[in-house]
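Student: After the structure tokens below, expect a handful of questions from me.
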Amino acid sequence: MTLQVNLEALKEGDLPFVGEIPAEKLDIIEDDELIRSVHPLTYNLEASLLEDALLVRGRLDMPLDCECARCLQPFVHTVTLPEWTAHLPLTGEDAVEIKEEVVDLTPVLREDILLGFPRHPLCAPDCAGLASKTNGDAATADPEESPWARLDEWKSD
């Protein structure tokens, strides 16, 4: 299922579009091992027909299954575009493709959602990373137990 807007129907007035697009229909190439798009893109949009353009505004949400780049724990990161807007020209050099008075918004949605993907997914901004084999949990390790503690003592003498 893709998101298609019928321009003839828009001549009567603005139209709401609420629904979801399965992740596989977005054709997202997953070249990052830490991010997987398996959940659908949900949208709540309103389309308006201008003189020579299509204006679409609303909200986009897409949960992503991620693996933290520091601690490798799985977590869900949601790409949210709360005030998404697309101004798509219907004429001219940059005109959007129109087939039988229908515009497919899926490529535009895909592009903007991809721009929201995290470059370096972290489960939390203060993630301590993988636990050290000697110290146990890196997040709860006592700084005095670190291998550098003895050097700090030596440096202060």
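In the numbering used here, the protein residues as written are 4 to 160.
Backbone N, C-alpha and C fix where the C-beta goes; we use that ideal spot for every residue, glycine too.
So is L57 buried or exposed if we call it buried at 16+ other beta carbons inside 10 Å?
Tutor: buried
Student: Go ahead and pull the three-state DSSP assignment for E86.
Tutor: strand
Student: Would E104 pass as a contact of L10 if the rule is Cβ separation under 8 Å?
Tutor: Yes, Cβ-Cβ distance for E104 and L10 is below 8 Å.
Student: How about L164 and P124: are their beta carbons less than 8 Å apart?
Tutor: Here the chain has residues from 4 to 160 only, and residue 164 is not among them.
Student: Would A26 be called buried (16 or more neighbouring beta carbons within 10 Å of its own) or exposed?
Tutor: buried
Student: First and last residue of the beta strand (DSSP E) that includes L106?
Tutor: Residue 106 is actually Val in this sequence, not Leu. Looking at the DSSP string, the run of the beta strand (DSSP E) that includes V106 is 105-107.
Student: Could you say which of V111, L13, F120 lies nearest to A98 if we only look at CA atoms?
Tutor: Per the Cα distances, V111.
Student: Is D64 closer than 8 Å to T83 when the C-beta atoms are compared?
Tutor: yes
Student: Taking the runs of the beta strand (DSSP E) that are 3 residues or longer, which of them lie wholly in the stretch 6-61?
Tutor: Fully enclosed beta strand (DSSP E) runs of 3 or longer: 7-9, 18-24, 44-52.
Student: With 16 other CB atoms within 10 Å as the buried threshold, where does S32 fall?
Tutor: Sequence check: residue 32 is Ile here, not Ser. Exposed: under 16 other Cβ atoms inside 10 Å.
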